[in-house]
Amino acid sequence: MSWDLTTAPDMYLKYAKTSSAEWDYVSGTLVDSYSLIWTLDESNLMTNESWDFEVWDEDLIGSDELMITGSFNPLDDGALIYSNGNGSIEFEYTTR
Ligand SMILES: [Ca+2]
Ligand SMILES: [Ca+2]
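Mapping to my numbering: the sequence shown position 78 is 86, numbers consecutive.
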């Protein structure tokens, strides 16, 4: 991992419909943490279509760094863990 040299990364999450031109949701930043849990609420529910996500490390000096990115459909795939060489992100959801 090459995010922050002396502390854990400062992660935030973005997600949006794949068809959307802009990010529908951007979380706040969780400072100095290797793991994090975000709970989506009524204002940012996901629908049955393809969604893109990115997790970034916020840096105060220089540009923020992209840590992990991907896309999924929350109905097609069921609960899932998405991994690359840098880490993993787990999605848990209920449908209604
Ligand atoms: Ca940090
Ligand atoms: Ca950072």
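Cβ atoms here follow ideal geometry from the backbone N, Cα and C, with glycine treated the same way.
Contacting residues, own chain, Cβ-Cβ under 7 Å from valine 63 (five flanking each side not counted)
Correct list, in chain order: Met19, Leu21, Met75, Ile76, Ile97.
Could you please go through the chain and list the residues whose beta-carbon is closer than 5 Å to any non-hydrogen atom of ligand 2?
Residues close to ligand 2 by the beta carbon criterion (under 5 Å to any non-hydrogen atom) are, from first to last along the chain, Asp12, Asp18, Asp65, Asp67.
Could you tell me the distance, in whole angstroms, from the CA atom of arginine 104 to the CA atom of isoleucine 45?
Each residue's alpha carbon lies about 22 Å from the other.
Could you compute how far the alpha carbon of aspartate 84 sits from the alpha carbon of aspartate 32?
Their backbone Cα atoms lie some 20 Å apart in a straight line.
When the Cα atoms are used, what is the spatial distance from asparagine 81 to glutamate 73?
Roughly 25 Å separates the two Cα atoms.
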